[in-house]
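Q: Can you keep this structure in mind? I'll have questions shortly.
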Amino acid sequence: MTEKEATARGEAPQPTQPSPSGRQNANDAVDGGGRVAQVAAPASPFTVLGRAAGTIWSVPKARVGLILLAVFLLAAVFAPLLAPYAPTDNSFGRAEGGSAAHPLGTTTAGEDVLSQLIYGSRVSVLVGFVAGFGATLIAVLLGMSWGYTRGFAADVINFFVNLFLVIPGLPLMIVLAAYLQGGGLAMIIFVVVITGWAWGARVLRSQTQSLRSRDFITAAQFSGESSFRIVFREILPNMTSLITGSFFGAATAAILAESGLSFLGLGNTAMVSWGSMLFWAQNSNAILTGQWVLLFAPGLCIALLATSLTLINFGVDGLSNPRLREGKGR
Numbered sequence: 001m002t003e004k005e006a007t008a009r010g011e012a013p014q015p016t017q018p019s020p021s022g023r024q025n026a027n028d029a030v031d032g033g034g035r036v037a038q039v040a041a042p043a044s045p046f047t048v049l050g051r052a053a054g055t056i057w058s059v060p061k062a063r064v065g066l067i068l069l070a071v072f073l074l075a076a077v078f079a080p081l082l083a084p085y086a087p088t089d090n091s092f093g094r095a096e097g098g099s100a101a102h103p104l105g106t107t108t109a110g111e112d113v114l115s116q117l118i119y120g121s122r123v124s125v126l127v128g129f130v131a132g133f134g135a136t137l138i139a140v141l142l143g144m145s146w147g148y149t150r151g152f153a154a155d156v157i158n159f160f161v162n163l164f165l166v167i168p169g170l171p172l173m174i175v176l177a178a179y180l181q182g183g184g185l186a187m188i189i190f191v192v193v194i195t196g197w198a199w200g201a202r203v204l205r206s207q208t209q210s211l212r213s214r215d216f217i218t219a220a221q222f223s224g225e226s227s228f229r230i231v232f233r234e235i236l237p238n239m240t241s242l243i244t245g246s247f248f249g250a251a252t253a254a255i256l257a258e259s260g261l262s263f264l265g266l267g268n269t270a271m272v273s274w275g276s277m278l279f280w281a282q283n284s285n286a287i288l289t290g291q292w293v294l295l296f297a298p299g300l301c302i303a304l305l306a307t308s309l310t311l312i313n314f315g316v317d318g319l320s321n322p323r324l325r326e327g328k329g330r
């Protein structure tokens with residue numbers, strides 16, 4: 001019997017029974033009529049990640065990209081098990097065509113092309129993800145600081161970002177790689193990171209400026225929160241999809257940059273990579289001698305790996321743009 005009905009009948013209303021613990025459950029809320037309603041608990045981080053992964057997987061283009069990327073990751077991790085021979089084993093016949101023993105033939109130095117392709121995936125995947133992470137990290141730190149702060153600090157960051165934006169990226173990479181030649185894979189990663197962070201910083205700065213004027217940021221400022229906490233606890237979580245997209249874009253650019261520098265002979269040509277395969281194929285006049293596979297195979301792998309990251313980006317865009325999720329079925 002409710003309190004109203006008891007009062008109408010002249011009876012004393014029954015007291016509300018307390019919970020066994022003596023206090024209201026944290027997940028219960030009392031509505032306007034005095035009734036207790038269940039309130040859903042906040043989703044766990046794993047639930048949020050699961051929903052994000054489901055959103056990305058629901059985009060057909062992103063699904064193709066994830067499958068392609070998984071193939072290259074498996075090839076890179078399990079290269080010693082998948083490759084039929086060592087990538088530098090030159091004990092085979094030179095410039096042989098495809099056969100049962102060598103499906104893609106051999107190089108002019110007598111090395112198995114398929115084995116080099118499998119091992120070469122390690123360099124591209126490593127450079128892509130490490131350099132992409134490094135460039136994205138710098139872009140996040142400088143871009144968000146640039147967008148949130150004002151005054152002299154913002155002017156200094158603005159100067160450096162514009163400096164790297166106006167300098168052509170490819171010539172700068174070539175000059176740095178030529179000057180630092182002999183540094184191996186670390187040199188390639190360093191050059192790619194230094195030349196690849198500025199565009200991401202400018203994009204993140206614009207989004208940070210947009211979020212800075214929101215009510216929840218103003219409330220955090222009035223409550224006495226530090227700028228560091230506001231940037232990394234309030235603004236950063238709202239830019240996750242944008243940062244993820246920036247990472248995949250930087251990783252794609254890093255893969256293409258590493259391949260280009262190695263093809264020009266500015267990397268470690270003794271290290272087996274898709275770029276060094278193109279370098280040696282060009283030096284041996286592979287096209288003129290009819291060994292088109294020496295150029296086509298590594299070039300196709302570079303294109304497919306870069307394409308896989310670009311396709312995944314379509315799914316990442318769906319996390320922050322509901323219109324893309326609504327239109328994925330059309």
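So the sequence shown is numbered by the UniProt record's numbering: it starts at 1 and just counts up by one.
Built from N, CA and C at the ideal position, the CB exists for glycine as well.
Small disclaimer: the values here were computed from a predicted structure and weren't measured.
(1) Since Ala139 contacts Trp197 with CB under 8 Å, what's their CB separation in whole angstroms?
(2) If I'm right that Gly105 touches Glu96 with Cβ under 8 Å, what's the distance once you round it to whole angstroms?
(3) If you draw a straight line from the C-alpha of Pro42 to the C-alpha of Pro237, how long is it?
(4) Pull up the CB-CB distance for Arg202 and Val156, whole angstroms please, since I reckon it's below 8 Å.
(5) Who are the Cβ neighbours of Gln207 in its own chain at under 8 Å, not counting the five residues just before and after it?
(6) Report the rounded CA-to-CA distance for Ala281 versus Leu288, giving the unit in angstroms.
(7) By DSSP's criteria, Thr106 is part of a beta bridge. Which residues make up the other side?
(8) Exposed or buried, which one is Val316 when buried takes at least 16 other CB atoms within 10 Å?
(9) Take Leu69 as the anchor and find which of Gly267, Thr252, Leu261 and Asn158 has the nearest alpha-carbon.
(10) Report yes or no: do the segment 112–120 and the segment 260–270 share at least 3 C-beta pairs separated by less than 8 Å?
(11) Using the Cβ count rule (16 or more neighbours within 10 Å means buried), how would you classify Arg212?
(12) Among Asn283, Pro103, Pro60 and Val77, which has the Cα closest to the Cα of Gly297?
(13) Output needed for Trp274: all residues of its chain with C-beta closer than 6 Å, excluding positions within five of it in sequence on either side, in chain order.
(14) Going along the chain, which residues of its own chain have a beta-carbon closer than 6 Å to the beta-carbon of Asn313, five neighbours each way excluded?
(15) Which one of Gln181, Gly169, Arg214 and Tyr179 has the shortest CA to CA distance from Val192?
(16) Can you check the segment 57–94 for any alpha helix (DSSP H) of at least 4 residues that lies completely inside it and give the ranges in chain order?
(17) Do Ala143 and Arg205 have their C-beta atoms closer together than 9 Å?
(18) Give me the Cβ distance between Ile255 and Glu234, rounded to the nearest whole Å; I'm assuming they're in contact under 8 Å.
(19) Relative to the C-alpha of Ala165, which residue among Ile194, Ala75, Ala154 and Ala186 is closest?
(20) At the level of alpha carbons, what is the spacing between Thr307 and Leu81?
A: Walking through what the data contain:
(1) With 8 Å as the limit, Ala139 and Trp197 qualify as a contact, their Cβ atoms being about 5 Å apart.
(2) 5 Å between Cβ atoms; contact.
(3) Below a pLDDT of 50, predicted positions are generally treated as unreliable, and Pro42, at 44, falls in that range; no measurement from the model is reported.
(4) Not really, about 15 Å apart at Cβ, beyond 8 Å.
(5) Gly147, Met239 and Leu242
(6) 10 Å
(7) DSSP output for Thr106 lists Asp112 as bridge partner(s).
(8) buried
(9) Thr252
(10) no
(11) buried
(12) Reading the sequence as shown, one finds Ala at residue 297 and not Gly. It is Pro103.
(13) Result list for Trp274: Gly120, Ser124, Ser259, Pro298, Cys301 and Ile302, in chain order.
(14) Gly245 and Phe248
(15) Measuring from the Cα of Val192, the nearest candidate turns out to be Gly169.
(16) Secondary structure remark: continuous alpha helix (DSSP H) runs of at least 4 residues inside the segment 57–94, in chain order: 60–77 and 79–82.
(17) In the sequence as displayed, the identity of residue 143 is Gly instead of Ala. Yes; because the gap between Cβ atoms is below 9 Å, this pair is in contact.
(18) Between Glu234 and Ile255 the Cβ distance is about 34 Å, and since that is not below 8 Å, they are no contact.
(19) Reading off the sequence, residue 165 comes out as Leu, not Ala. When Ile194, Ala75, Ala154 and Ala186 are compared, the shortest CA-CA separation from Leu165 is found for Ile194.
(20) 26 Å
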